[in-house]
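Down below is the structure, laid out as structure tokens.
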Amino acid sequence: DTPATGEAVTINGTTVTLTNTATTAGTETTTVDLNTLGLKNAKAVTEVSFPDGTKLTFGKGNGTNTPTFYDKTKGVRVYLDNTLTFSASKKIAKIVFTCDKYGSTSYVGNTAATVTFSGNSAIYTNSDPSAEKGGVQLRVQTITITYAK
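Quick note on the working numbering: the sequence shown kicks off at 25 and runs consecutively.
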């Protein structure tokens with residue numbers, strides 16, 4: 025199992041990659057496009073399922089606001105200290121978020137965000153110890169999971 029570390033979270037443009045450094049990625053993947061699930065505009069999101077049955081639970085965590093879907097951004101806004109918990113039937117090697125950009129701002133979450141991989145699950149926290157409120161939203165549109173070999 026991989027301990028919590030910011031090193032496993034990388035941001036490149038509008039792509040956020042969570043990497044389980046204790047595994048080797050295989051070729052099997054599953055993807056969900058949050059804009060195609062019939063989520064209701066401006067409503068909180070608690071759980072979605074991937075095509076292979078993997079569950080993603082959106083949590084308020086220690087945040088003020090709950091993760092919320094918006095039609096305009098075609099995805100779920102994940103606020104400061106919100107969590108995303110992935111529960112799969114196999115070990116996760118990598119998770120890739122494609123995120124929204126508005127103007128010159130890429131909504132890719134906080135640079136201090138963390139991920140913890142444990143067995144067949146992973147927990148992402150949009151944390152920023154230096155921010156008491158606000159921070160950078162993670163406006164996630166699509167998510168692809170790559171399983172370990």
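Positions of the beta carbon are idealized from the N, C-alpha and C atoms, including for glycine.
Q) Going by the beta-carbon positions, is the gap between N59 and Q165 smaller than 8 Å? A) Their beta carbons are under 8 Å apart, which means N59 touches Q165 by this criterion.
Q) By DSSP, does A146 sit in helix, in strand, or in coil? A) Three-state DSSP puts A146 in a strand.
Q. What is the residue span of the beta strand (DSSP E) that G99 lies within?
A. Per DSSP, G99 is one residue of the beta strand (DSSP E) stretching across G99 to V102.
Q | Three or more C-beta pairs below 8 Å linking the stretch 52-68 and the stretch 125-145 | A | No: the two stretches stay apart, fewer than three of their Cβ pairs being nearer than 8 Å.
Q) Is the CB-CB distance between Y171 and I116 below 8 Å? A) At a Cβ-Cβ threshold of 8 Å, Y171 and I116 count as neighbours.
Q. Per DSSP, what kind of secondary structure is A47 in: helix, strand or coil?
A. First, the amino acid is wrong: residue 47 is Thr here, not Ala. DSSP places T47 in coil when its eight states are reduced to three.
Q: Indicate the three-state DSSP secondary structure (helix, strand or coil) for T60 in the structure shown.
A: In the structure shown, T60 adopts helical secondary structure according to DSSP, grouped into three states.
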